[in-house]
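Reviewing the structure listed below.
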Amino acid sequence: MVGALAFAFPLVTSMINLQSQTRVISNYEQEMRALDERERQRLLEEAESYNAYVAGLEGNVTDELTADERAATEVVYMSVLATGEAIGYVEVPKIEVELPIYRGASDEVLERGIGHLERSSLPVGGESTHAVLTGHRGLPTARLFRDLDKLDVGDVFVIDTLGDKIAYEVESIQTVLPYEVESLRVQPGRDLCTLVTCDPYMVNSHRMLVTGHRVDYVPEVVEEAQQNKISFFEKYIEYFVIVGAFAALVLIVWFVRRRFRKRNEGSVDITAVVSGDAHE
2 MVGALAFAFP
12 LVTSMINLQS
22 QTRVISNYEQ
32 EMRALDERER
42 QRLLEEAESY
52 NAYVAGLEGN
62 VTDELTADER
72 AATEVVYMSV
82 LATGEAIGYV
92 EVPKIEVELP
102 IYRGASDEVL
112 ERGIGHLERS
122 SLPVGGESTH
132 AVLTGHRGLP
142 TARLFRDLDK
152 LDVGDVFVID
162 TLGDKIAYEV
172 ESIQTVLPYE
182 VESLRVQPGR
192 DLCTLVTCDP
202 YMVNSHRMLV
212 TGHRVDYVPE
222 VVEEAQQNKI
232 SFFEKYIEYF
242 VIVGAFAALV
252 LIVWFVRRRF
262 RKRNEGSVDI
272 TAVVSGDAHE
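One gets the numbering used here by counting positions in the sequence shown from 1 and adding 1 to each.
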């Protein structure tokens with residue numbers, strides 16, 4: 002019973018967390034529908050202004066903005082895309098992931114969903130932009146980017162921000178050390194987005210970078226990706242392995258006990274035989 006409860010815990014908590022993420026995304030979509038076109042355009046212009054600013058920053062994309070850098074722009078990061086709890090969400094059809102995107106990449110943020118690296122472009126698209134979205138490879142209470150390694154070059158993921166859907170086609174998948182961030186820089190004239198998570202799973206010594214370039218968004222692209230999604234068995238293979246190992250252990254214990262019981266039943270009580278012969 003204890004084993005069954007321990008096994009069920011991550012599944013149950015993942016379902017609860019999924020409901021919470023779905024609620025955040027639903028609230029975001031309601032806010033976008035209520036947004037008038039003039040306000041949406043204003044928010045987009047602010048985001049584009051911020052992206053033009055970060056494109057000119059020196060240093061690594063993982064560095065924090067200094068006080069001077071913040072003072073050099075009229076747009077304050079925490080006020081850009083001020084649309085509510087989330088600034089958008091990312092959808093990866095192949096691995097059936099739909100997760101809210103939050104500002105920053107603090108531990109608190111990454112426990113709830115996907116974080117946006119502050120010195121990277123905001124995920125609104127445009128020339129000379131490179132948005133970097135980071136998430137855990139999985140938590141006891143949520144899968145998050147657990148299955149990101151199942152993506153291949155050519156797969157598609159979608160960013161929804163300000164009510165617009167932006168599609169990206171995966172062009173490269175890299176495994177790098179945490180300080181190797183050169184590939185996260187803005188590339189002039191290109192519209193890129195990179196999904197970042199830890200690798201290998203549960204070791205977390207490296208980072209997996211899944212980079213996509215922008216392509217035209219058409220519903221058929223997403224539908225095709227959904228048709229090629231990973232199987233239920235592939236997605237939860239670790240649980241099947243655990244169940245299989247536990248079942249094998251139970252069978253081994255049952256078999257050993259059965260053999261031991263048969264051996265005891267078939268053995269002769271020598272003391273009883275000797276005593277019986279002596280009595281006769």
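In this text, a Cβ means the ideal position worked out from N, Cα and C, and glycines have one as well.
On a predicted model such as this, the values are computed, not experimentally measured, just so you know.
Let me know the secondary structure DSSP gives residue 19 once reduced to three states. Helix, per DSSP.
Whose CA, out of 185, 225, 254, lies closest to the CA of residue 122? The option with the nearest alpha carbon to residue 122 is 185.
Cα-Cα separation, residue 148 to residue 129: A straight-line Cα-Cα distance of about 29 Å links residue 148 and residue 129.
Check whether the Cβ atoms of residue 89 and residue 37 lie closer than 7 Å to each other. Not a contact, by the Cβ cut-off of 7 Å.
For residue 158, which beta-bridge partners are listed by DSSP? Answer is 169.
Ignoring anything shorter than 4 residues or poking outside the segment 105 to 131, list the alpha helix (DSSP H) runs there in chain order. Segments of the alpha helix (DSSP H) lying fully in the segment 105 to 131: 108 to 111.
Using a Cβ-Cβ cutoff of less than 6 Å, which residues in the same chain neighbour residue 19 once the five nearest sequence positions on both sides are dropped? So the list is empty, once near-sequence residues are dropped.
Can you round the beta-carbon distance between residue 146 and residue 92 to whole angstroms, since I take them to be within the 8 Å contact cut? At roughly 13 Å, the Cβ-Cβ gap does not stay under 8 Å, so residue 146 and residue 92 are not in contact.
If the criterion is Cβ atoms closer than 7 Å, does the pair residue 171 and residue 156 meet it? Yes.
The beta strand (DSSP E) spanning residue 90 covers which residue range? For residue 90, the uninterrupted beta strand (DSSP E) segment begins and ends at 89 to 93.
Cα-Cα separation between residue 24 and residue 101, rounded to whole angstroms: Using only the alpha carbons, I get a separation of about 10 Å.
For residue 79 and residue 163, believed in contact at Cβ under 8 Å, the rounded distance: Their Cβ separation, rounded to whole angstroms, is 17 Å, which puts residue 163 and residue 79 out of contact at 8 Å.
Cα-Cα separation, residue 264 to residue 257: If I take the Cα positions, the gap works out to 11 Å.
For the segment 134 to 143 against the segment 34 to 54, do three or more pairs of beta-carbon atoms, one drawn from each stretch, fall closer than 8 Å, so that the two count as touching? Touching, no, given that fewer than three Cβ pairs across the two stretches are closer than 8 Å.
Express the C-alpha separation of residue 68 and residue 120 in angstroms, rounding to a whole number. For residue 120 and residue 68, the distance between alpha carbons rounds to 13 Å.
Residue 116 to residue 198 span [Cα, whole Å]: CA-CA distance, residue 116 to residue 198, rounds to 11 Å.
One or two residues paired with residue 210 in a DSSP bridge: Note: residue 210 is bridge-paired with 175, 197 in the DSSP secondary-structure output.
Nearest by alpha-carbon distance to residue 215: which of 2, 254, 105, 126 is it? The candidate whose alpha carbon is nearest that of residue 215 is 126.
Since residue 29 contacts residue 84 with CB under 8 Å, what's their CB separation in whole angstroms? Confirmed, about 7 Å.
When 255, 72, 134 are compared against residue 209, the one with the closest alpha-carbon: Closest option to residue 209, Cα to Cα, is 134.
Considering only residues of the same chain and omitting the five flanking positions on each side of residue 56, which have a CB-CB separation below 8 Å? Once the five neighbours on either side are set aside, the close Cβ partners of residue 56 are 122, 129, 130, 187.
Within the continuous alpha helix (DSSP H) that includes residue 80, where are the two ends? First-last for residue 80: undefined, no H or E at that position.
I believe residue 195 touches residue 212 by the beta-carbon criterion, under 8 Å. Please report the beta-carbon distance rounded to the nearest angstrom. Confirmed, Cβ separation roughly 4 Å.
Counting only the same chain and skipping the five closest in sequence on each side, list residues whose C-beta sits under 6 Å from that of residue 226. Here residue 226 has 94, 95, 157 as same chain residues with Cβ atoms under 6 Å from its own Cβ, once five neighbours each way along the sequence are excluded.
Are the CB atoms of residue 207 and residue 217 within a distance shorter than 7 Å? Contact flag unset, no.
Can you name the start and end residues of the alpha helix (DSSP H) that residue 182 belongs to? From DSSP, residue 182 is part of no alpha helix (DSSP H); its letter is neither H nor E.
Please report how far the alpha carbon of residue 204 lies from the alpha carbon of residue 103, in whole angstroms. Each residue's alpha carbon lies about 25 Å from the other.
In three-state DSSP terms, what is residue 281? Its pLDDT being 49, under 50, residue 281 is placed unreliably in this model, and the value from its coordinates should be taken loosely. Reduced to three states, the DSSP call for residue 281 is coil.
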